[in-house]
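Single-structure report; data block below.
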Amino acid sequence: MTAIDGKVVAITGASSGIGEATARLLAGRGAAVVLGARRTQRLDELARDIRDRGGQALTCATDVTRRADLDRLVGRAVAEFGRLDVLVGNAGIAKIGPVADLDVDGWSSMIDVNLRGVLNGIAAALPVFRRQGHGHLVTTVSTSGLKIVPTQAIYAATKNAVRTLLEGLRQESTDGVLRTTAISPGVVRTELVDSIDDVQVREQIRRDMNAFAIDPEAVARVIAFAIEQPHDVEIGEVVIRPTVQG
Ligand code: NDP
C-alpha cells in the first residue's frame, strides 16, 4: 500500500512525455488513471500496457481547448471510479520563436492549450472536488516562466498565467478542500520539441534536449510526491531541472 494506492487521477496530455510517464508511475503505484489527449491510439496502447501490468486505466479522447471534452474526461473518472481525486492539467504546446515573427496563430494556440486548457480543466473538476470535499489540481508549468529568455516570451507568458491562476485559486480555497501544485520543469526529453515550428529554434532546443535533458520519469516522481502527501500538506510549487541547465 502507498498513499497513491486507490487514488483516481485524470491526466491531460497523457499520450506522450511527462503525461505518459506520470500515468505509468501512478498506475504502477496503484492509482486508477483516466488518460486524456487527442491521439487516442497512443492512449489506448498505453492503457492496454498499464492493464497488462495489473493497473487500472481508461482513456477519453480529449482536446483541452474544448470545455465539453474536459467535462467528459472528469465525468468518465467519476462514472467509472466513483470520484476524482486529482486532475493533472499537463497538456501543452510550445510554438516558440521571436515575438517579432508575429506568429499570431501560434500565440493563439498556446493560449488555447496552455492556459484555456487548464481553465477548462478547473471548470470541469472544481465542482466535483467541492462536492466530494477534497481534490487536487496539479499543473505542468515551466522554468521558462522563471528565467525569461528570447524566443520563449509568449510560451512563458502562458505558463506564468497558469502559475498566477493557481496561486489565486489557492488563496480562494483555504477551507481545506482543494490542493494546488504547479510544477516547473526545465528541459525534459519529450516530444514537445516537435511542436516548435521555427526550424532554427527547434534544432537548438533539440540540441539542448540531446545534450542534457532529464527523463520525463523525473517529473512524474515529483508529481507523485505532491499527490502522496497527506491531505493537509500542500506542495505548492516545485522546480525540477537538469543539474547543468543554466
Ligand atoms: P509532449 O509533446 O511529449 O506532450 C504534450 C502532451 O500534450 C501530449 O500528450 C499531447 O497529446 C498533449 N496535447 C497537446 N495539445 C493538446 C490538446 N489540444 N488537447 C489535449 N492534449 C494536447 O511534451 P511534454 O511531455 O514535454 O509536455 C507536457 C507539459 O510539460 C506541457 O505542458 C509542456 O509545456 C510542459 N513542459 C515541458 C518541458 C520540456 O522540456 N519537455 C519543460 C517545461 C514544461 P496529443 O497531441 O495526443 O493531444
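The opening position of the sequence shown corresponds to residue 1157 in the working numbering, with each subsequent residue numbered one higher. Every residue gets a Cβ at the ideal spot worked out from N, C-alpha and C, and that includes glycine.
Neighbourhood of residue i by C-beta, 7 Å cutoff - its chain only, sequence neighbours within 5 removed
i	result
Thr-1158	Arg-1185, Gly-1186 and Glu-1384
Gly-1289	Val-1333
Pro-1398	Gly-1342, Val-1343, Phe-1368, Ala-1369 and Ile-1370
Ala-1374	Ile-1396
Met-1365	Val-1343, Arg-1345 and Val-1349
Ala-1281	Val-1230, Leu-1240, Leu-1243, Gly-1291 and Leu-1293
Where the beta strand (DSSP E) containing residue i begins and where it ends
i	result
Ile-1129	Outside the shown range of the chain (1157 to 1402) lies residue 1129, about which nothing can therefore be said.
Thr-1336	1334-1341
Same chain, Cβ closer than 8 Å to residue i, five either side skipped, listed in chain order
i	result
Ser-1477	Outside the displayed span of the chain (1157 to 1402) sits residue 1477, for which this structure offers no information.
Leu-1325	Ile-1278, Leu-1293, Leu-1334 and Thr-1336
Val-1255	Ala-1309 and Ile-1310
Arg-1209	Ala-1183 and Gly-1184
Gly-1162	Gly-1186, Ala-1187 and Ala-1188
Strand pairing of residue i, partner residues [DSSP]
i	result
Ala-1188	Val-1164 and Gln-1212
Thr-1295	Gly-1245 and Ala-1338
Val-1128	There is no way to answer for residue 1128, as the model of the chain reaches only from 1157 to 1402.
Ala-1217	Ala-1193
Own chain residues within Cβ distance below 6 Å of residue i, not counting five before or after
i	result
Val-1274	Gly-1245, Thr-1295 and Val-1318
His-1292	Val-1242 and Arg-1335
Leu-1181	Ala-1376 and Ala-1380
Ile-1304	Ala-1312
Asp-1200	Thr-1215
Leu-1348	Ala-1250
Arg-1198	Ser-1171
Arg-1354	Here residue 1354 is Asp; the residue named in the question, Arg, does not match the sequence. Answer for Asp-1354: Gly-1253, listed in chain order.
Glu-1390	Arg-1335
Arg-1362	Val-1349
Endpoints, the alpha helix (DSSP H) within which residue i is located
i	result
Gly-1324	1309-1328
Pro-1283	1273-1288
Val-1378	1372-1384
Arg-1363	1355-1368
Leu-1229	1223-1237
Asp-1331	Neither: Asp-1331 is in no alpha helix (DSSP H) and is coded neither H nor E.
Asp-1268	Element bounds for Asp-1268: n/a, residue is neither H nor E.
Contact with chain D by residue i, beta-carbon distance below 7 Å
i	result
Thr-1295	Among the chains in the structure shown there is no chain D, since it carries only a single protein chain.
Residue i Cβ short of 6 Å to the ligand SAM heavy atom set
i	result
Leu-1202	Of the ligands one can find in the structure shown, namely the ligand NDP, none is the ligand SAM.
Would the stretch 1268-1287 count as touching the stretch 1307-1323 if we require 3 or more Cβ pairs under 8 Å?
yes
Report yes or no: do the stretch 1165-1182 and the stretch 1222-1238 share at least 3 C-beta pairs separated by less than 8 Å?
yes
Indicate whether the contact test is met: 3 or more Cβ pairs, each with one atom in the stretch 1211-1223 and one in the stretch 1252-1264, closer than 8 Å.
no
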